[in-house]
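S.K.:
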DNA sequence: GTCTATAGTGGGATAGAC
DNA sequence: GTCTATCCCACTATAGAC
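In structure tokens:
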């Protein structure tokens with residue numbers, strides 16, 4: 008949020024996130040949220056100009072939690088990429104609807120605390136060593152995560168193998184093939 | 008579809024897909040579709056029991072088009088994986104809303120023509136050589152595709168590098184690290 | 001910060017006549 | 001296969017009083 012949210016706004020975001028996580032996005036209506044809070048729907052508009060602002064609050068909340076989890080996982084990890092992937096998968100599985108909100112639309116960067124995106128991306132950046140490589144690795148992780156969350160894959164054992172293969176491939180740069188043009192170092196990885 | 012669709016049903020699906028592609032999912036309403044067809048909304052229910060059945064028609068339509076494109080791309084390709092990725096990206100970019108419909112929910116396999124899923128998956132399976140490897144590769148391609156479609160990545164040059172790195176990694180199995188347990192051969196890759 | 005009341009819009013789906 | 005008429009649902013948002 009551009010301006011720091013009030014205590015009450017934070018409470019409302021918390022309840023909104025609970026509704027989203029436990030009942031799904033269709034259930035996150037202004038009426039339902041108000042019911043849960045014991046107030047009337049129109050009162051919510053004193054705290055948030057529109058529903059989208061409320062969702063931005065949930066997104067920020069999710070990023071803060073994810074960033075902390077990724078940082079914890081990176082501490083003293085013998086295999087940083089494995090540790091990251093495990094934590095990432097666990098976060099998405101535990102909060103599928105929040106995860107979708109965080110990844111399915113353009114990030115509202117102008118309404119987010121400065122540095123939060125970079126902080127969340129930092130552990131993977133360190134584990135991969137290069138911003139472009141980090142993005143490719145993230146794409147793999149995100150892709151398999153979404154296919155799992157959306158129940159899109161046949162229920163077989165291949166998915167676990169795919170996770171292993173992907174981590175294996177991205178763990179460190181290949182030494183047996185010529186590498187493409189070195190990508191410039193850049194902090195922002197998203 | 009379980010039963011072969013009538014000619015009229017096919018026409019309706021075609022128009023529905025046009026609406027979806029050109030105006031987005033919110034625009035795909037029974038009323039709007041009926042307007043385009045010059046009929047009334049209730050009449051649509053003589054052709055489809057509910058809106059979901061109409062969407063299944065669009066999904067099948069999309070798979071048939073994608074499968075044909077992938078097969079064309081695989082013919083005489085010196086670099087099968089590069090060729091596949093180029094075609095896949097182009098399909099998703101040309102039909103973003105159809106692509107989302109095809110990947111964002113469980114496949115309605117029982118309502119689809121037999122073999123269509125496998126046929127669509129075959130070119131990537133051949134390019135990667137192994138079902139589990141194919142799934143990992145697909146996850147990377149799908150992940151980066153979705154992040155691009157959803158405008159989720161910062162507008163920098165890293166994304167093109169990420170595409171290159173991913174293709175490089177998955178082009179052939181690594182020879183410089185020990186491989187994990189060999190995954191069993193299985194045709195169904197999704 | 002909360003309320004009541006309500007405007008305005010949109011959606012999916014059905015009954016029954018022709 | 002199409003129609004008319006209609007039901008019932010849901011939503012965001014605003015005005016104005018307390």
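Protein chains in written order, with my numbering: chain X, 8 to 197; chain G, 8 to 197.
All residues carry an ideal CB built from backbone N, CA and C; glycine is no exception.
1. In chain order, what are the residue ranges of uninterrupted alpha helix (DSSP H) at least 4 long that sit wholly in the stretch 37 to 122 of chain X?
2. Quick check: the Cα distance between residue 63(X) and residue 148(G), rounded to an integer number of angstroms?
3. If contacts are defined as beta-carbon pairs under 8 Å, then residue 166(X) and residue 155(X) qualify, I think. What distance do you get, rounded to the angstrom?
4. Give the DSSP-derived three-state secondary structure of residue 166(X) in the structure shown.
5. Ignore the nearest five residues each way along the sequence and tell me which others in residue 66(X)'s own chain have a CB closer than 6 Å to its CB.
6. On the three-state DSSP scale, how would you describe residue 136(G)?
7. Does the beta carbon of residue 172(X) come closer than 8 Å to any beta carbon on chain G?
8. When the Cβ atoms of the stretch 80 to 90 of chain G are set against those of the stretch 125 to 143 of chain G, are three or more pairs found closer than 8 Å?
9. For a cutoff of 8 Å on Cβ pairs, would you count residue 68(X) as touching chain G?
10. Which word fits residue 31(X), buried or exposed, when buried means at least 16 other C-beta atoms lie within 10 angstroms of its C-beta?
11. Compute the distance between the beta-carbons of residue 19(X) and residue 39(X), then report whether it is under 8 Å.
12. Can you give me the C-alpha to C-alpha distance between residue 55(X) and residue 69(X), rounded to a whole angstrom?
13. Buried or exposed for residue 138(G), going by 16 or more other Cβ atoms inside 10 Å?
14. Under 7 Å Cβ-Cβ, which residues of chain X neighbour residue 111(G)?
15. If you check the beta carbons only, do residue 74(X) and residue 126(X) fall under 8 Å apart?
16. Compare the C-beta of residue 130(X) with all C-beta atoms of chain G and state if any pair is closer than 8 Å.
17. Using the rule of at least 16 other Cβ atoms within 10 Å of the residue's Cβ for burial, across every protein chain shown, is residue 80(X) buried or exposed?
18. Between which two residues does the alpha helix (DSSP H) containing residue 16(X) stretch?
19. Does residue 14(G) pass the burial test, meaning 16 or more other C-beta atoms within 10 Å, or should it be called exposed?
20. What did DSSP end up calling residue 126(G) once you bin it into helix, strand or coil?
21. Report the option in 178(X), 53(X), 98(X) whose CA atom is closest to the CA atom of residue 153(X).
22. If you draw a straight line from the alpha carbon of residue 164(X) to that of residue 115(G), how long is it in whole angstroms?
23. So, is the C-beta of residue 3(X) closer than 8 Å to a C-beta in chain G?
24. Determine the burial state of residue 168(G): buried for a count of at least 16 other Cβ atoms within 10 Å of its Cβ, exposed for fewer.
25. Going by beta carbon distance, what residues of the same chain come within less than 6 Å of residue 178(X), once the five residues before and after it are set aside?
26. Where does residue 159(G) fall in DSSP's three states?
27. Please classify residue 52(G): is it buried, with 16 or more other beta-carbons within 10 angstroms of its beta-carbon, or exposed?
28. Here's the rule: buried if 16 or more other CB atoms are within 10 angstroms of the residue's CB, otherwise exposed. What is residue 34(G)?
29. Using the rule of at least 16 other Cβ atoms within 10 Å of the residue's Cβ for burial, across every protein chain shown, is residue 36(G) buried or exposed?
30. Leaving out the 5 sequence neighbours to the left and right, which residues in its chain are closer than 7 Å to residue 94(G) when beta-carbon positions are compared?
31. Just tell me which of 118(G), 28(G), 47(G) has its CA closest to the CA of residue 102(G).
32. Assign residue 131(G) to one of three DSSP states: helix, strand, or coil.
33. To the nearest angstrom, how far is it from the Cα of residue 189(G) to the Cα of residue 58(X)?
34. So, does the CB of residue 149(X) fall closer than 8 Å to a CB anywhere in chain G?
35. Please list, in chain order, all residues of the same chain as residue 105(G) whose beta carbon is under 7 Å from its beta carbon, the five residues on each side excluded.
M.R.: Result, derived from the coordinates:
1. Look at the stretch 37 to 122 of chain X and you find these whole runs of alpha helix (DSSP H), each 4 residues long or longer: 37 to 44, 58 to 81, 87 to 101, 103 to 110.
2. Just so you know, the alpha carbons of residue 63(X) and residue 148(G) end up roughly 28 Å apart.
3. Going by Cβ atoms, the distance from residue 166(X) to residue 155(X) rounds to 7 Å, so yes, they are a contact pair.
4. Reduced to three states, the DSSP call for residue 166(X) is helix.
5. Cβ neighbours of residue 66(X) beyond the five flanking positions: 108, 109.
6. In the structure shown, residue 136(G) sits in coil (DSSP, three-state: anything other than H, G, I, E or B).
7. True, the Cβ-Cβ gap to chain G drops below 8 Å.
8. Result yes; three or more Cβ-Cβ pairs closer than 8 Å.
9. For residue 68(X), not one C-beta of chain G is nearer than 8 Å to its own C-beta.
10. So residue 31(X) ends up on the exposed side.
11. No.
12. The straight-line gap from Cα to Cα measures roughly 18 Å.
13. Under the 10 Å beta carbon count, residue 138(G) is surrounded by 16 or more other beta carbons and is classified as buried.
14. Against chain X, the beta carbon of residue 111(G) has neighbours under 7 Å at 157, listed in chain order.
15. In contact: residue 74(X) and residue 126(X) (Cβ atoms closer than 8 Å).
16. Not one chain G Cβ lies under 8 Å of residue 130(X).
17. Classification for residue 80(X): buried.
18. Counting along the chain, the alpha helix (DSSP H) containing residue 16(X) begins and ends at 14 to 30.
19. Exposed, since its Cβ has fewer than 16 Cβ neighbours within 10 Å.
20. The three-state secondary structure of residue 126(G), taken from DSSP, is helix.
21. Out of 178(X), 53(X), 98(X), 98(X) has the C-alpha closest to the C-alpha of residue 153(X).
22. Answer to the nearest angstrom: the Cα atoms are 20 Å apart.
23. With chain X running from 8 to 197 in the structure shown, residue 3(X) is simply not present.
24. Classification of residue 168(G): buried, given that the 10 Å Cβ count is 16 or more.
25. Closer than 6 Å at Cβ, skipping near neighbours: 88.
26. The three-state reading of DSSP puts residue 159(G) in coil, since its state is none of H, G, I, E or B.
27. Classification for residue 52(G): exposed.
28. Label assigned to residue 34(G): exposed.
29. With fewer than 16 other CB atoms across the displayed protein chains lying within 10 angstroms of its CB, residue 36(G) is exposed.
30. In the same chain as residue 94(G), and ignoring 5 residues on each side of it, the C-beta atoms closer than 7 Å to its own belong to 76, 77, 80, in chain order.
31. Ranking the options by Cα distance to residue 102(G), first place goes to 28(G).
32. Residue state, collapsed to three classes: helix.
33. Note on residue 189(G): pLDDT 41, under 50, position unreliable in the model; the coordinate value appears next. Annotation: residue 189(G) to residue 58(X) spans about 49 Å, alpha carbon to alpha carbon.
34. Using a Cβ-Cβ cut-off of 8 Å, residue 149(X) counts as an interface residue toward chain G, since at least one Cβ of chain G sits closer than that to its own.
35. Only 24, 27, 28, 65, 69 meet the Cβ criterion.
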